[in-house]
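In full-length UniProt numbering, the protein residues as written are 1 to 162.
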């Protein structure tokens, strides 16, 4: 896998899978820390005994937003770095769909397909990724999304042909 690319190479990757992250274990301590940070203490996330007895999941599951937030670390783990980039900005999502719950102890990874890249202004490249977070040994992904990010760069580094 390519680990570094030039700003002028990004648009040539449109339509290609550009990254597949390493596996991340979503354990109960991660779920509990996320619950504490977001004040979302619903029993299906933080009470293993009750979740096993009263939910259809057989135990606790990760918050959907916890799973979504892992995209940042997955991005850093597997996407090629753009040499000219001075800063990356999370612009948002066009859509997010939570498909399959992530059970405590499961391993997940991100799959990134670059679907668009457009230069905006003198020093920004807006990228759109079709992303999915896969769960090890599950057919359906935990989530799918269209994620928009901005690569900030010095205007003097803008390719001449765009």
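Backbone N, C-alpha and C define an ideal beta-carbon position, used for all residues, glycine too. Please read all numbers here as calculations on a predicted model, not as lab measurements.
Close Cβ partners of residue i (< 6 Å) along its chain, the five nearest in sequence each way excluded
i           : result
residue 95  : 146
residue 162 : 119
residue 132 : 111, 141, 144
Classification of residue i by the beta-carbon crowding that lies within 10 angstroms, buried from 16 upward
i          : result
residue 16 : exposed
residue 74 : buried
residue 21 : buried
residue 29 : exposed
Through-space distance from residue j to residue i, alpha-carbon basis
i           : j           : result
residue 124 : residue 45  : 39 Å
residue 142 : residue 99  : 5 Å
residue 106 : residue 43  : 18 Å
residue 48  : residue 59  : 5 Å
residue 157 : residue 63  : 40 Å
residue 139 : residue 91  : 29 Å
residue 154 : residue 6   : 13 Å
residue 93  : residue 71  : 12 Å
residue 24  : residue 114 : 22 Å
residue 122 : residue 27  : 43 Å
residue 85  : residue 56  : 45 Å
residue 54  : residue 76  : 37 Å
residue 37  : residue 88  : 24 Å
residue 34  : residue 8   : 38 Å
residue 97  : residue 159 : 35 Å
Whole-Å CB distance - residue i paired with residue j, under 8 Å assumed
i           : j           : result
residue 108 : residue 135 : 6 Å
residue 66  : residue 112 : Their Cβ separation, rounded to whole angstroms, is 19 Å, which puts residue 66 and residue 112 out of contact at 8 Å.
residue 102 : residue 61  : 6 Å
Close Cβ partners of residue i (< 7 Å) along its chain, the five nearest in sequence each way excluded
i          : result
residue 52 : 58, 59
residue 40 : 63
residue 4  : 80, 81, 83
residue 32 : 46
Cβ-based neighbour list, residue i, same chain, cut-off 8 Å, excluding 5 preceding and 5 following
i           : result
residue 117 : 10, 11, 13, 14, 125, 126, 127, 128
residue 164 : Nothing about residue 164 can be reported from this structure: the residues present for the chain run from 1 to 162 only.
residue 137 : none
Just list the beta strand (DSSP E) runs in the UniProt domain "MaoC-like" (13-128), keeping only unbroken ones of 3 residues or longer that don't cross its boundaries, in chain order. 17-20, 24-26, 85-98, 106-120
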